[in-house]
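What follows is one structure encoded as C-alpha cells, with my remarks underneath.
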Amino acid sequence: MTVLLETRDVSKAYGVFRALDKVSMAVHEDEFVSVVGPNGAGKTTLVNLLTGLLPPTEGEVLFMGHNIAGVGPVALADRGLARAFQLIQIFPKLTVAETVAAAVISRQKKRWRMFTRLSADAEIKARVREVAEIFGLSRRLETAAAALSQGEKKLLDVASAFALDPQVILLDEPTSGVSTADKHTIMQTLIAAAKRTGVKGIVLVEHDMDLVAAYSHRIIALSEGQVLADLPPDKFFADPKLIETVIGKRRGH
Amino acid sequence: MRPHPGAAAAVCGTVALALLPQVVPPYYVGLMIPFYGYAIALLGFNLLFGYTGLLSFGHAMFLGIGAYGAAVMSSVFGVTSFELVLVVVMLAAALIALPIGLLCVRYVGIFFGMLTLAFGMLFHSFLFKFYYVTGGDSGMRVARMNILGLPFNTYNKIEFLAGPFYYYCLALLLIAGLVMWRLVHSPFGLHLKAVRDNARKAEYLGVHVRRFRLAAFVISAAFGAAGGAILGFRVGLADPELVYWTQSGQLVFMAVLGGFTNFFGPIIGALSYILLQDQLQSLTEYWRFVLGAVLALIVIGLPEGLSGLVVDLRRRLVGRAA
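If you read the protein sequences in the order shown, they are chains A and B. As numbered in the working numbering, residues 6 to 258 make up the first sequence, in order. As numbered in the working numbering, residues 3 to 324 make up the second sequence, in order.
Right, here's the structure in full:
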C-alpha cells in the first residue's frame with residue numbers, strides 16, 4: 006500500500022513543554038484513520054504539523070514522499086492536502102458558489118487571472134456545480150454563506166476543502182457544533198464525497214467515539230504527546246483500559 | 003437578459019456627467035475635476051479597503067507621488083504629454099508601493115493602518131524638509147500639458163478645465179472604472195474577497211494571502227497616483243498639503259460616506275464630499291464641524307454609506323412593485 010502521509014519520530018516542543026514526543030504514524034491509500042486522545046494529548050499540534058502550519062522540533066513530516074515540514078497551508082493545498090476546521094470557517098459575505106469557486110480557482114491555477122470574467126469561465130462554473138451537488142448545496146449557490154444554517158455552513162466549509170481535489174483530507178472534529186441527529190448524515194456525505202472526488206485518504210480527529218467506531222479503518226490514540234496505540238477498531242474497542250485512558254472515566258462509573 | 007443594475011447605474015451616471023457642462027455654470031464644472039481625481043484614486047483605495055479588507059491611513063502619499071511626478075516631469079523635464087505623465091507616475095507609485103507594501107502587508111487591522119500612516123508622514127516630511135528638491139511648503143509648479151497630443155492653445159486655463167479636460171477626465175474615470183470592474187469580478191478579485199472575509203480559511207484553500215494583499219496595495223497605489231496627477235494638473239501646483247495625513251483621512255471619509263461595500267460607493271463618496279465641502283464652506287466657517295457630524299451620522303445610521311441607502315431604496319421600490 007502506498008503511504009500518503011506520515012510522520013517519522015516527530016517531536017514538537019514549546020519551550021520545555023513537549024507537546025509531541027517521537028510520534029510516528031502513517032496514512033495509506035484508501036484508508037480512513039482516526040486520531041483520538043484526551044484534551045492536551047497533542048492532537049491539535051499533530052494536525053498543525055501534518056498541515057505544514059508548524060515545523061517540528063525534531064523528525065520529518067512527509068506527504069507523498071516529500072518533506073512538508075512548515076511549508077505552509079497554501080503550498081500544501083497545491084500539493085493535494087486539504088483541511089477542514091473544528092470551528093466552522095466560512096467567508097461570511099461570499100455566496101456558496103463563490104466560496105467553492107475560491108478553491109476551484111486555486112486548483113485550476115487561475116488565481117492570477119485579473120481581467121477574465123469569473124462568471125464567464127465555464128470550467129470553474131461546472132466544477133462549482135459538481136461540488137455543490139455532491140454536498141447537497143445546489144439550491145443554495147447564490148446564498149451568502151452568513152445566511153446559511155449551521156449545518157449548511159459546516160457542509161460548505163468541508164465542500165470548499167473538497168473542491169481542491171485533494172489526495173488527503175484532514176477533518177478536525179467535522180461534526181462539532183452539529184446536532185447528534187445530523188452527525189452521521191454529515192459523515193456519510195463526507196465519505197460519499199471522498200469516494201466521488203477521488204480522495205485517497207482521510208484523517209479524522211475526533212472526540213466522538215461513535216463516529217470513530219463507525220467509520221475508521223485504523224485508530225491512533227495519543228496520550229501525553231505519545232502514540233499509545235495504533236490499532237484497527239475491533240482490537241481498539243476490545244481493550245477497556247485503552248478506552249478509559251483515551252476518553253477518561255465516564256460519569257457514574 | 004436583464005441588464006445588471008450596476009451597468010444601468012453606470013450608464014445613467016455617465017450620461018449625466020457628460021451633459022453636466024451644458025447645464026451648470028463653469029464654476030461647478032471646474033469643481034468636478036477634483037471629483038474625477040479623487041474618484042479614480044478611491045477606486046484603487048477601495049480595492050484595498052472594501053475588497054481586500056486593509057484600511058490604509060497613508061494613501062495620500064500616492065496622490066502626492068502623482069502630483070509631484072507631474073510637477074517634476076512637466077516643469078523640470080518639460081514633458082508636454084499628460085498621458086506620458088499618467089503612465090510614468092502610475093509605474094513609479096507601483097514601484098514605490100512594492101517595498102512599502104512588502105513590509106505593511108505583514109500586518110493587518112490597526113497595525114497595517116498605523117504603518118501606512120507612518121510611511122505617509124515620512125513622505126510628507128521629505129517633501130516639506132527637502133526644500134531644494136521639492137520647494138518645501140510652497141510646492142512645485144505643474145505646467146500645463148497637452149492631452150491626446152492637442153495643446154488647446156485657444157482655451158484659457160478655466161475654459162480648458164471646464165471643457166476638453168473635463169471630458170478627458172470623464173473618459174479616464176470610465177477607463178479606471180472598467181478596469182476595476184473587471185478586476186473585482188475576476189478570479190483574482192474573488193481571492194481578494196476571500197482574504198478579506200477569512201484569511202486563515204483562504205490560505206487553506208490555496209489563496210496566497212500576503213501576495214494578494216501586496217498586489218492590491220500596489221494596484222491601489224497606481225490608481226492613487228493617476229488621481230493625484232489630475233489634482234496637481236488642475237491646481238497647477240503640487241504641494242505638501244496634498245500628502246498630509248488629514249488628506250489620507252479625507253480619502254477614508256469619502257469611502258465611508260459613499261459606502262465601501264458597494265463598487266460605486268467610492269465614486270458616490272467623492273462626488274458627495276466635494277459638493278458637501280463646497281456648499282458648507284460657503285455657508286459657515288464651522289464646515290469641518292458639520293462634516294464631522296455627517297461622518298458620525300453616516301457611521302451610526304448608514305454603515306453602508308450613501309450607496310447602501312440607494313440600494314436599499316431600490317430594493318424597497320422593486321419589492322413594492324412586485
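From the three backbone atoms N, C-alpha and C, an ideal C-beta is built for every residue, glycine too.
Which residues in the same chain have their Cβ closer than 7 Å to the Cβ of residue 63 of chain B, if we skip the five residues on either side of it in sequence?
Residue numbering aside, residue 63 of chain B sits at position 61 when the second sequence is read from its first letter. Correct list, in chain order: 121, 122, 125, 245.
Cut-off 6 Å between Cβ atoms - residues of its own chain near residue 7 of chain A, not counting five sequence neighbours on either side:
By one-based count along the first sequence, residue 7 of chain A stands at place 2. Around residue 7 of chain A: 34.
Is residue 124 of chain A close to chain B, meaning its C-beta is less than 8 Å from at least one C-beta of that chain?
Looking up residue 124 of chain A in the first sequence gives position 119. For residue 124 of chain A, the answer is yes, since a Cβ of chain B falls inside 8 Å of its Cβ.
Beta-carbon within less than 7 Å of residue 102 of chain B's beta-carbon, same chain only, minus the 5 sequence neighbours each way: which residues are those?
Stepping through the second sequence from its first residue, residue 102 of chain B is reached at position 100. So the list reads 121, once near-sequence residues are dropped.
Pairwise C-alpha distance: residue 89 of chain A and residue 35 of chain B
Stepping through the second sequence from its first residue, residue 35 of chain B is reached at position 33. Stepping through the first sequence from its first residue, residue 89 of chain A is reached at position 84. Rounded to whole angstroms, residue 35 of chain B to residue 89 of chain A spans 50 Å at the Cα level.
Is the region 49-69 of chain B touching the region 216-234 of chain B in the sense that three or more CB pairs, one from each, lie closer than 8 Å?
Contact holds: three or more Cβ-Cβ distances are below 8 Å.
Locate the alpha helix (DSSP H) running through residue 222 of chain B, then write down its first and last residues.
The residue given as residue 222 of chain B occupies position 220 in the second sequence. Where residue 222 of chain B is concerned, the enclosing alpha helix (DSSP H) starts and stops at 211-237.
For the beta strand (DSSP E) containing residue 16 of chain A, name the first residue and the last one.
To locate residue 16 of chain A, count along the first sequence from 1; it is residue 11. Start and end: 8-19.
Measure the alpha-carbon distance for residue 119 of chain B versus residue 298 of chain B and round it to whole angstroms.
For the purposes of this step, residue 119 of chain B is taken as residue 117 along the second sequence, with counting starting at 1. For the purposes of this step, residue 298 of chain B is taken as residue 296 along the second sequence, with counting starting at 1. Approximately 22 Å, taken between the alpha carbons.
Could you pull out every residue in the same chain whose Cβ sits closer than 8 Å to the Cβ of residue 216 of chain B, ignoring the five residues on either side in sequence?
Here residue 216 of chain B refers to the residue found at position 214 when the second sequence is read from its first residue. Counting only Cβ-Cβ distances below 8 Å, and skipping sequence neighbours, we find 100, 103, 104, 107.
Locate the alpha helix (DSSP H) running through residue 157 of chain A, then write down its first and last residues.
Taking the first residue of the first sequence as 1, we reach residue 157 of chain A at position 152. 155-167 is the extent of the alpha helix (DSSP H) around residue 157 of chain A.
When the distance is taken between beta carbons, is residue 206 of chain B closer than 8 Å to residue 151 of chain A?
The sequence position of residue 151 of chain A within the first sequence is 146, counting from 1. The sequence position of residue 206 of chain B within the second sequence is 204, counting from 1. No, the Cβ-Cβ distance between residue 151 of chain A and residue 206 of chain B is not below 8 Å.
Mind checking residue 14 of chain B: buried by the 16 CB within 10 Å criterion, or exposed?
Taking the first residue of the second sequence as 1, we reach residue 14 of chain B at position 12. It counts as exposed.
Residue 295 of chain B to residue 311 of chain B, Cα distance in whole Å?
Stepping through the second sequence from its first residue, residue 295 of chain B is reached at position 293. Stepping through the second sequence from its first residue, residue 311 of chain B is reached at position 309. Cα to Cα, residue 295 of chain B sits roughly 18 Å from residue 311 of chain B.
With distances taken between CB atoms, is the gap from residue 232 of chain A to residue 225 of chain A smaller than 8 Å?
In the first sequence, counting from the first residue as 1, residue 232 of chain A sits at position 227. In the first sequence, counting from the first residue as 1, residue 225 of chain A sits at position 220. A contact, by the Cβ cut-off of 8 Å.
Using a Cβ-Cβ cut-off of less than 7 Å, give me the residues of the region 48-78 of chain A that come near chain B, in sequence order.
Within the region 48-78 of chain A, the qualifying residues are 78.
Checking contacts by CB at 8 Å: is residue 132 of chain A closer than that to chain B?
Here residue 132 of chain A refers to the residue found at position 127 when the first sequence is read from its first residue. Chain B, which has no Cβ nearer than 8 Å to the Cβ of residue 132 of chain A, makes this no.
Determine, using beta carbons only, whether residue 85 of chain A and residue 173 of chain A come nearer to each other than 8 Å.
Locating residue 85 of chain A in the first sequence gives position 80, counting from the first residue. Locating residue 173 of chain A in the first sequence gives position 168, counting from the first residue. Taking 8 Å as the Cβ cut-off, residue 85 of chain A and residue 173 of chain A qualify as a contacting pair.
Could you check whether residue 99 of chain A and residue 203 of chain B sit closer than 8 Å to each other, using their CB atoms as the reference points?
Position 201 of the second sequence holds residue 203 of chain B. Position 94 of the first sequence holds residue 99 of chain A. Going by C-beta atoms, residue 203 of chain B is not nearer than 8 Å to residue 99 of chain A.
Under 8 Å from the C-beta of residue 209 of chain B: neighbouring residues of chain A:
Along the second sequence, one-based indexing puts residue 209 of chain B at 207. Near residue 209 of chain B (Cβ distances below 8 Å), the residues of chain A are 79, 107, 111, 116.
Whether residue 145 of chain B touches residue 76 of chain B by CB criterion (8 Å):
Here residue 145 of chain B refers to the residue found at position 143 of the second sequence. Here residue 76 of chain B refers to the residue found at position 74 of the second sequence. For residue 145 of chain B and residue 76 of chain B, yes; Cβs fall inside 8 Å.
Residue 232 of chain B at chain A interface by Cβ criterion, 8 Å
As a position in the second sequence, residue 232 of chain B is number 230, starting the count at 1. Closer than 8 Å: no.
Identify, in the order they occur along the chain, each residue of the same chain with its Cβ nearer than 8 Å to the Cβ of residue 218 of chain B, setting aside the five sequence neighbours on each side.
For the purposes of this step, residue 218 of chain B is taken as the residue at position 216 of the second sequence. Excluding residues within five positions, the ones whose Cβ falls inside 8 Å are 49, 50, 53, 54, 56, 194.
Would DSSP call residue 142 of chain B helix, strand or coil?
Within the second sequence, numbered from 1, the residue matching residue 142 of chain B stands at position 140. The answer is strand: DSSP assigns residue 142 of chain B an E or B state.
6 Å CB neighbourhood of residue 169 of chain A in its chain, flanking five on each side removed
The count along the first sequence starts at 1 and reaches residue 169 of chain A at position 164. Here the set comprises 82, 87, 108, 112.
If you check the beta carbons only, do residue 236 of chain B and residue 150 of chain B fall under 8 Å apart?
For the purposes of this step, residue 236 of chain B is taken as the residue at position 234 of the second sequence. For the purposes of this step, residue 150 of chain B is taken as the residue at position 148 of the second sequence. Taking 8 Å as the Cβ cut-off, residue 236 of chain B and residue 150 of chain B do not qualify as a contacting pair.
Near residue 229 of chain B, which residues of its chain fall below 7 Å by C-beta distance, leaving aside the five closest residues on each side in sequence?
Taking the second sequence and counting its residues from 1, one reaches residue 229 of chain B at position 227. Cβ within range, chain order: 39, 40, 42, 43, 65, 68.
Taking C-beta to C-beta, are residue 210 of chain A and residue 236 of chain A nearer than 8 Å?
Position 205 of the first sequence holds residue 210 of chain A. Position 231 of the first sequence holds residue 236 of chain A. Their beta carbons are not under 8 Å apart, which means residue 210 of chain A does not touch residue 236 of chain A by this criterion.
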